[in-house]
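Visitor: For the sequence shown, the working numbering gives the first residue as 5, with consecutive numbering after it.
Glycine included, C-beta positions come from ideal geometry on N, C-alpha and C.
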Amino acid sequence: MHYRALVVLCCAALLAACGSDRPKTDTPAAPTPARSAKQAEVLGPLPAYQRELSGTLLEIPAGANVELALLVIDERDRPQRLLASSNLTGTGQALPYHLRFNPEAFPAGARVELRGRASSSGQLIMHLPPVRITQAQTQATGPLRFEKAP
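(1) Where T60 and F110 are concerned, what is the direct C-alpha to C-alpha distance, given to the nearest angstrom?
(2) Pull up the CB-CB distance for L87 and G120, whole angstroms please, since I reckon it's below 8 angstroms.
(3) Would you decide whether T138 is buried or exposed? Buried here means 16 or more other CB atoms lie within 10 Å of its CB.
(4) Using a 10 Å radius around the Cβ and a threshold of 16 neighbouring Cβ atoms, would you call G48 buried or exposed?
(5) Taking only three categories from DSSP, how would you classify E108?
(6) How is the beta strand (DSSP E) around A73 delimited, first residue to last?
(7) Would the beta-carbon of P100 fall within 8 angstroms of that of R55?
(8) Quick one: what does DSSP say R121 is sitting in, helix, strand or coil?
(9) Check whether the segment 111-130 touches the segment 70-84, counting contact only when three or more Cβ pairs, one atom from each stretch, lie closer than 8 angstroms.
(10) If V70 and A153 are in contact, beta carbons under 8 angstroms, what's the gap, nearest whole angstrom?
(11) For Q143, which option in S90, L132, R104 has the closest C-alpha, if you only look at C-alpha atoms?
(12) Here's the rule I'm using: 16 or more other beta-carbon atoms within 10 Å means buried, otherwise exposed. How should A98 be labelled?
(13) At the level of alpha carbons, what is the spacing between I64 and T93?
(14) For the beta strand (DSSP E) that contains I129, what are its first and last residues?
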């Protein structure tokens, strides 16, 4: 009698685990370039406790994955801390970006740089020469041009 109760309990647990409202997908939908370009617009107004770097990225191939990072850099040119980051998808046209950060996390007297890289199919294809950011305030970097990766 004890085994029958155990079997019934296991069957009930199996049915409960398998019963869901919708099927799960293993791979998330890839963002379309138009959707990625609209991400900058969806951020909404800038909160009073944040600052923002903005500008455009030039000559990014369509479909390329772009990663931007605002980093604290040490005297040996090594990243020490991440202040902000953003991921975008290239459209083949000028790609606007908005990178928000907390000005209180911006270290006084330390070197802070905006760095970026673009990859396609997991392979690095372009990189952004480091852009030095000297003040923790909202600013526009203007158009930034990526260079071919060696």
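Guide: This is what the structure gives:
(1) Within the sequence shown, residue 60 is the residue found at index 56, counting from 1. Within the sequence shown, residue 110 is the residue found at index 106, counting from 1. Going from the Cα of T60 to the Cα of F110 covers about 23 angstroms.
(2) Here residue 87 refers to the residue found at position 83 of the sequence shown. Here residue 120 refers to the residue found at position 116 of the sequence shown. The Cβ separation is near 14 angstroms, so there is no contact.
(3) Residue 138 sits at position 134 when you count from the first residue of the sequence shown. Looking at its Cβ environment, which holds fewer than 16 other Cβ atoms inside 10 Å, T138 is exposed.
(4) The sequence position of residue 48 within the sequence shown is 44, counting from 1. By the beta-carbon neighbour count (other beta carbons within 10 angstroms, threshold 16), G48 is exposed.
(5) Numbered from its first residue, the sequence shown carries residue 108 at position 104. It is helical.
(6) Position 69 of the sequence shown, counted from the start, is the residue given in the question as residue 73. Unbroken beta strand (DSSP E) run through A73: 69-77.
(7) Walking along the sequence shown from the start, residue 100 turns up at place 96. Walking along the sequence shown from the start, residue 55 turns up at place 51. Contact flag unset, no.
(8) Position 117 of the sequence shown, counting from 1, holds the residue named residue 121. Looking at R121 - three-state DSSP - the assignment turns out to be strand.
(9) A contact is defined here as three or more CB-CB pairs under 8 angstroms, and the segment 111-130 meets this definition with respect to the segment 70-84.
(10) For the purposes of this step, residue 70 is identified with residue 66 of the sequence shown, where counting begins at 1. For the purposes of this step, residue 153 is identified with residue 149 of the sequence shown, where counting begins at 1. Taking 8 angstroms as the upper bound for CB-CB distance, V70 and A153 are not in contact here, some 13 angstroms apart.
(11) Reading the sequence shown from its first residue, position 139 is the one you call residue 143. Minimum Cα distance to Q143 is reached at R104.
(12) By 1-based counting over the sequence shown, the position of residue 98 is 94. Exposed, by the Cβ-count rule.
(13) Residue mapping note: residue 64 aligns to position 60 of the sequence shown, counting from 1. Residue mapping note: residue 93 aligns to position 89 of the sequence shown, counting from 1. Between I64 and T93, the C-alpha separation is close to 9 angstroms.
(14) Mapped onto the sequence shown, residue 129 falls at position 125. Residues 127-137.
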